[in-house]
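A.B. asks: Residue numbers (the working numbering), protein chains in the order written: chain A, 1 to 337; chain B, 338 to 674. Have a look at this one before I ask anything.
Number of protein chains: 2
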Amino acid sequence: MTTRDKIQLGHGGGGRLSRELIEGHIAPRFADGPLRGFPDAARLAIGGASLVFTTDSFVVSPRRFPGGDIGDLAVYGTVNDIAVCGGVPKWLSLALICEEGLPIDELDGVLDSIARAASRCGVGIATGDTKVVAKGQCDGLYVNTAGLGEALPGFDLGAEKLAEGDAVVVSGDLGDHGMAVMAARAGMDVGGGLASDTGPVHGLVLAIRDLAPKVRFMRDPTRGGAASTLNEMLGGRRDVGVSLRERDLPFSGGARAVAEVLGVDLLHVASEGRVILVCAPEAASEVLARWRQTPEGRGAKAIGSVTRDRGRVVLETAIGGRRLVDVPQGELLPRIC
Amino acid sequence: MTTRDKIQLGHGGGGRLSRELIEGHIAPRFADGPLRGFPDAARLAIGGASLVFTTDSFVVSPRRFPGGDIGDLAVYGTVNDIAVCGGVPKWLSLALICEEGLPIDELDGVLDSIARAASRCGVGIATGDTKVVAKGQCDGLYVNTAGLGEALPGFDLGAEKLAEGDAVVVSGDLGDHGMAVMAARAGMDVGGGLASDTGPVHGLVLAIRDLAPKVRFMRDPTRGGAASTLNEMLGGRRDVGVSLRERDLPFSGGARAVAEVLGVDLLHVASEGRVILVCAPEAASEVLARWRQTPEGRGAKAIGSVTRDRGRVVLETAIGGRRLVDVPQGELLPRIC
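Written out as structure tokens, the structure reads:
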């Protein structure tokens with residue numbers, strides 16, 4: 001058996017190997033359903049209601065990092081997947097896998113975080129499950145949340161909606177979450193200037209709900225970063241691409257410093273409280289104005305546009321060059337969420 | 338820090354320690370919502386629809402056992418939690434935590450099981466997530482499914498509905514799942530006579546949907562077995578109890594043999610394809626007749642009744658004695674589901 005026959009860390013990294021696993025092994029078995037197109041959440045109709053349904057497991061290491069912990073990350077991550085699918089989050093499930101020996105005080109702290117974050121988002125914990133495995137069979141605590149929301153009318157998102165000239169907008173600095181977690185893991189001192197952006201984005205979606213017909217795409221750029229998000233967004237489209245303006249990309253000083261030390265491209269690094277949105281060009285300034293009035297969107301910026309660049313994401317560099325923005329091949333940043 | 342300050346295997350066993358963890362640490366933080374009363378699934382109203390929502394993580398070891406594997410178990414377990422809450426299962430989420438090095442062939446086998454089981458239950462896989470952790474950080478593969486169903490009208494279940502004289506009915510042999518998994522783990526040869534009962538029970542619920550007003554309680558007796566299910570069912574009620582007739586309890590020969598070797602009480606052992614139902618006495622024969630016409634309910638039996646026995650579950654033994662049926666204290670059978 002070769003390495004290719006076994007699961008590698010990169011299969012969970014949000015890049016090319018993740019895509020191969022999903023497209024080669026998962027999608028073919030469940031392809032008739034809402035998994036087609038691989039959204040982070042599914043829109044479903046049940047009993048006359050239009051719902052949004054999503055799930056995420058959280059294995060982040062360390063469990064506590066500057067700006068958050070596995071508990072609030074598990075709430076915001078799932079709330080955000082509902083929000084960027086055009087839903088209002090309502091209910092979460094909470095499933096814990098605990099390792100024997102986990103201090104109950106620490107579990108209490110995570111549960112407190114979950115309760116605070118859920119309250120902040122206006123969601124309830126509806127149902128749960130707790131499993132315990134023996135020492136050495138998980139790394140302390142893994143958390144799964146599934147989420148249920150009510151679909152907002154008017155959001156009809158997807159690759160097929162993209163048109164040349166559409167604006168690409170982001171709600172704030174990119175990559176702070178991934179760099180804060182990696183710095184914490186490495187014991188790096190970033191001088192207090194870097195914290196995870198983990199937080200809820202449903203307020204950003206509600207702020208522009210009446211602009212929904214002008215919105216083509218929304219996604220929170222988590223694993224694989226903005227690069228993976230934008231490449232995935234293009235889906236199979238070969239007639240459009242994306243151009244990003246390097247000088248407009250918002251990165252914090254702390255994230256830049258850590259990325260330089262670790263040698264990673266911040267476009268590949270996860271955020272956990274940001275939205276990348278594509279909209280009709282005439283709506284961009286209104287989206288930016290609305291977002292900048294919210295606490296979560298103060299740093300919103302227009303960063304690029306949809307081009308005719310044949311399925312490619314291209315960076316227009318500050319010195320006038322062009323470089324391809326590809327998805328990461330394997331795993332740069334394991335257990336980032 | 339003492340042992341009591343740390344998570345123990347028993348906290349996941351479905352017995353007394355599980356209850357302490359839920360009642361002492363989880364419920365107080367989320368007590369205002371549908372978690373009150375600790376059902377295995379929550380009934381929710383969203384956008385005019387009446388829904389059932391549930392979640393379960395699966396860490397069963399070994400992942401393949403006589404009668405099933407972690408894949409179909411993850412589908413049926415969640416489908417069944419919806420069904421016994423009076424719901425028709427519609428959609429599942431699927432979240433995988435894979436250990437680096439897991440053979441992809443094995444993952445494919447589990448995904449095939451999931452697809453077959455979902456098809457058998459008429460549910461779709463709506464959304465998913467895949468995480469990978471390094472070698473030694475999980476035991477091969479853990480699976481979470483959350484489930485969404487549509488609530489059937491008429492089922493109004495709960496401890497407060499129980500009345501003296503109500504009949505206690507079970508849909509088939511108890512404990513086969515737990516004993517089949519333990520036998521497989523121990524490498525015991527049971528002569529081919531024992532297989533897990535893992536399977537869907539939603540057909541049993543649909544078969545009696547018009548009898549819903551006569552039904553007081555339904556549950557699939559998983560972790561902690563029938564003993565935990567019935568003790569939990571009584572909830573805080575101190576004015577009623579349950580009497581079980583030992584001679585009527587359905588146990589397979591294979592399960593009896595393994596239970597004897599391992600020294601466990603089959604009333605503490607998990608089933609994964611059974612329903613324990615309590616109904617008004619006049620409805621019991623009709624429930625039994627309907628169930629016996631289904632493939633899942635061929636072995637249905639009336640096993641006892643609701644008494645005035647002050648919050649206690651009592652076994653009337655075959656030799657005319659009475660013994661208290663308590664919940665297991667800690668963990669008898671780790672990683673049974």
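Where is the CB? At the ideal position from N, CA and C, for every residue including glycine.
Just checking ALA364 (chain B) against the ligand GTP - is the residue's beta carbon closer than 8 Å to any of the ligand's heavy atoms?
C.D. replies: Within the structure as shown, the ligand GTP is missing, as the structure has no ligands at all.
A.B. asks: Considering only their Cβ atoms, is the gap separating ARG64 (chain A) from GLY109 (chain A) smaller than 9 Å?
C.D. replies: Pairing GLY109 (chain A) with ARG64 (chain A) gives a Cβ-Cβ distance under 9 Å.
A.B. asks: Which residues mark the beginning and the end of the alpha helix (DSSP H) in which GLU569 (chain B) is found?
C.D. replies: 562 to 571
A.B. asks: Using the three-state DSSP reduction, which class does PRO213 (chain A) fall into: helix, strand or coil?
C.D. replies: helix
A.B. asks: Are the C-beta of ASN481 (chain B) and some C-beta of chain A separated by less than 9 Å?
C.D. replies: yes
A.B. asks: Am I right that ASP646 (chain B) and SER580 (chain B) are in contact with their C-beta atoms under 8 Å? What's the rounded C-beta distance?
C.D. replies: That belief holds up - the Cβ atoms of ASP646 (chain B) and SER580 (chain B) are roughly 7 Å apart, short of 8 Å.
A.B. asks: Are there 16 or more other CB atoms within 10 angstroms of the CB of VAL656 (chain B), so buried, or fewer, so exposed?
C.D. replies: Note that residue 656 (chain B) corresponds to Ile in the displayed sequence, not to Val. Per the 10 Å Cβ criterion, exposed.
A.B. asks: Say whether chain B places a C-beta atom closer than 9 Å to the C-beta of SER93 (chain A).
C.D. replies: yes
A.B. asks: Which full runs of the alpha helix (DSSP H) of 4+ residues lie inside the region 398 to 428 of chain B, going along the chain?
C.D. replies: For the alpha helix (DSSP H) assignment, the uninterrupted runs of no fewer than 4 residues enclosed by the region 398 to 428 of chain B are, from N- to C-terminal side, 407 to 421.
A.B. asks: Throw me the rounded Cβ distance for the LEU162 (chain A) and TRP291 (chain A) pair, which I believe falls under 8 Å.
C.D. replies: Incorrect: roughly 20 Å between the Cβ atoms, too far for contact.
A.B. asks: Between the Cα of ARG556 (chain B) and those of B:ARG582, B:LEU494, B:ASP513, spot the shortest distance and give me the residue it belongs to.
C.D. replies: Between ARG556 (chain B) and the set B:ARG582, B:LEU494, B:ASP513, the nearest pair of CA atoms involves B:LEU494.
A.B. asks: Mind listing which residues of the region 373 to 388 of chain B have their C-beta closer than 8 Å to chain A's C-betas, in chain order?
C.D. replies: PRO376, ASP377, ALA378, ALA379, LEU381, ILE383, GLY384, GLY385, ALA386, SER387, LEU388
A.B. asks: In whole angstroms, what is the alpha-carbon distance linking ARG237 (chain A) and ARG16 (chain A)?
C.D. replies: 17 Å
A.B. asks: On the CB-based measure, 16 or more other CB atoms within 10 Å of its CB, does THR317 (chain A) come out buried or exposed?
C.D. replies: Result: exposed.
A.B. asks: Tell me ASP321 (chain B)'s beta-bridge partners as DSSP assigns them.
C.D. replies: Since the first and last residues shown for chain B are 338 and 674, residue 321 (chain B) lies out of range.
A.B. asks: Tell me, please, whether the CB atom of ALA607 (chain B) is closer than 9 Å to any CB atom in chain A?
C.D. replies: no
A.B. asks: So does the region 544 to 563 of chain B actually touch the region 421 to 435 of chain B, counting three or more Cβ pairs closer than 8 Å?
C.D. replies: Contact holds: three or more Cβ-Cβ distances are below 8 Å.
A.B. asks: Using alpha carbons as the reference points, say which of A:GLU150, A:CYS98, A:ASP129 lies closest to GLN137 (chain A).
C.D. replies: The alpha carbon of GLN137 (chain A) has as its nearest neighbour, out of A:GLU150, A:CYS98, A:ASP129, the alpha carbon of A:CYS98.
A.B. asks: Give me the DSSP bridge partner(s) of LEU130 (chain A).
C.D. replies: According to the sequence displayed, residue 130 (chain A) carries Thr and not Leu. DSSP output for THR130 (chain A) lists A:LEU96 as bridge partner(s).
A.B. asks: Pick out the complete alpha helix (DSSP H) segments inside the region 141 to 192 of chain A, 4 residues or longer, and give them in chain order.
C.D. replies: Runs of the alpha helix (DSSP H) inside the region 141 to 192 of chain A: 176 to 186.
A.B. asks: Under three-state DSSP, which class holds ILE640 (chain B)?
C.D. replies: strand
A.B. asks: With a CB to CB cut of under 7 Å and the five nearest residues on each side skipped, what residues in its chain are close to LEU485 (chain B)?
C.D. replies: LEU388, PHE390, LYS427, TRP428
A.B. asks: For a contact meaning CB atoms closer than 7 Å, what does LEU102 (chain A) contact in chain B?
C.D. replies: LYS343, ILE344
A.B. asks: Counting only Cβ pairs nearer than 7 Å, list the residues of chain A close to GLY473 (chain B).
C.D. replies: GLY136
A.B. asks: Over what stretch of residues does the beta strand (DSSP E) that includes VAL123 (chain A) continue unbroken?
C.D. replies: Element bounds for VAL123 (chain A): n/a, residue is neither H nor E.
A.B. asks: Please name the residue or residues paired with LYS472 (chain B) in a DSSP beta bridge.
C.D. replies: Per DSSP, none; premise fails for LYS472 (chain B).
A.B. asks: Can you name, in chain order, every residue of its own chain whose Cβ lies under 6 Å from the Cβ of ILE545 (chain B), other than the five neighbours on each side?
C.D. replies: VAL624, ARG627
A.B. asks: If we define contact as Cβ-Cβ less than 9 Å, is VAL527 (chain B) a contact residue for chain A?
C.D. replies: no
A.B. asks: Which same chain residues end up closer than 8 Å to GLN666 (chain B) when comparing Cβ atoms and leaving out the 5 residues on each side of it in sequence?
C.D. replies: GLY347, GLY352, ARG353, LEU354
A.B. asks: Taking just the CA atoms, how far does GLY321 (chain A) sit from ASP369 (chain B)?
C.D. replies: 57 Å
A.B. asks: Report the neighbours of ASP129 (chain A) on chain B: residues whose CB is nearer than 7 Å to its CB, in chain order.
C.D. replies: Those are THR392, ASP393, SER394, listed as they occur along chain B.
A.B. asks: Between the region 10 to 24 of chain A and chain B, which residues of the former have CB atoms less than 8 Å from a CB of the latter, in chain order?
C.D. replies: GLY10, HIS11, GLY12, GLY13, SER18, LEU21, ILE22
A.B. asks: Across which residues does DSSP place CYS616 (chain B) in a beta bridge pair?
C.D. replies: B:ALA504, B:VAL552
A.B. asks: Pull the bridge partners of ARG323 (chain A) from the DSSP assignment, please.
C.D. replies: A:LEU315
A.B. asks: Whole angstroms are fine: how far does the CA of VAL650 (chain B) sit from the CA of GLU569 (chain B)?
C.D. replies: 10 Å
A.B. asks: Let's see if you can read the secondary structure: which residues bound the beta strand (DSSP E) around VAL242 (chain A)?
C.D. replies: First-last of the beta strand (DSSP E) with VAL242 (chain A): 241 to 245.
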